[in-house]
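Written out below as C-alpha cells is the structure these notes cover.
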Amino acid sequence: GENVEQHPSTLSVQEGDSAVIKCTYSDSASNYFPWYKQELGKRPQLIIDIRSNVGEKKDQRIAVTLNKTAKHFSLHITETQPEDSAVYFCAASNRNTGNQFYFGTGTSLTVIP
Amino acid sequence: GAVVSQHPSRVICKSGTSVKIECRSLDFQATTMFWYRQFPKKSLMLMATSNEGSKATYEQGVEKDKFLINHASLTLSTLTVTSAHPEDSSFYICSARPGFAYEQYFGPGTRLTVT
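Note that the protein sequences, when read in sequence, are chains A and B. Positions 1 to 113 (our numbering) are the ones given, in order, by the first sequence. Positions 1001 to 1115 (our numbering) are the ones given, in order, by the second sequence.
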C-alpha cells in the first residue's frame, strides 16, 4: 500500500517568513495530492491540491510543487500570519483505484507574531 | 456546498456497549465514504472505504467485526463500534467523495470516550 512520509514534524517561523513542508510517497500510481489544515478538535480543511499531470499550483500565499520522478511534493506558505498556525497534513491517493487518502504524519506549524 | 455532517459530536459510553456514529453528505451524493481514526496529536488513519450498497473494504489491521460499517444510501454511512473498550477511545472522522471526484470532504468528527 501507499506510504507517505512528512517532514518536519514541527516548524516555527516568524510572522512574514515562509514555511515549507515536504512529503514523499511510495506508490508511483498515486495521482492526487491534497494538503489539509487542521485546527485542534476540528475537521481537516482542504487548502490546496495538485494532480499528477501538473508540476506546480499556486493560490495566493500557498503553493504546492510536485516531482513525480522523485515522488515528493511540497507545500509552500509565504508571508506567514499567526492564523496560519495549525497542523498541516499531506496525503496521496489514486483516483483510479478507489481514491483512498493516505496521510502523512503531520506538521505542527507555529507562526510567531 | 459540499458539507458533511457527523452525529454525535461527542459520546461517552461504558465498556462493552456499542456506539453508532452517523456520517451524512448534506448537499451532494456520495458514492464513496471513508472512515478515519485519529489519536491525539497524530495523523488520520484510514480505517475503511464504504461504497453505497456494497460491503465496506477495511484496511489491514482493522477488525471488521469490531467496526461495522453500513452505507445504506448515497448520503448516509454509519460506523458502529461494537463491544467498545477503553482502547477504542479516539476521534473518528468520516469523509465523503462526490461521484468520482478527486476531492473528499470531511465531517467534523466524533470524540468517543469509553469508560
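Glycine included, every Cβ here is placed at the ideal spot set by N, Cα and C.
Within 7 Å of the CB of G104(A), the CB atoms of chain B belong to S1043, in sequence order along the chain. Between the region 10-19 of chain A and the region 75-83 of chain A there are three or more inter-stretch CB-CB distances shorter than 8 Å, so the stretches are counted as touching. Following the DSSP letters along the chain, one finds A92(A) inside the beta strand (DSSP E) bounded by residues A86 to A92. Near chain A, meaning a CB-to-CB distance below 7 Å, the residues of the region 1070-1093 of chain B are I1093. For D17(A), there is no enclosing beta strand (DSSP E), as DSSP gives it neither H nor E. D59(A) has I62(A) as its beta-bridge partners, per DSSP. Against chain A, the CB of F1067(B) has no partner CB under 7 Å away; the residue lies outside that interface.
In this model, K42(A) and P1108(B) are separated by some 6 Å (Cα to Cα). At a cut-off of 7 Å between C-beta atoms, N53(A) does not count as an interface residue with respect to chain B.
Neighbours of P8(A) across chain B, judged by C-beta separation under 9 Å, do not exist; the nearest C-beta is about 14 Å away. Proximity of chain A to G1109(B) at the Cβ level (cut-off 7 Å) is accounted for by R43, in chain order. Per the coordinates, the alpha-carbon of I1012(B) lies some 14 Å from the alpha-carbon of T1080(B).
DSSP places R1010(B) within a strand segment (E or B) once states are collapsed to three. Under the DSSP assignment, R95(A) falls outside any beta strand (DSSP E); it carries neither an H nor an E label.
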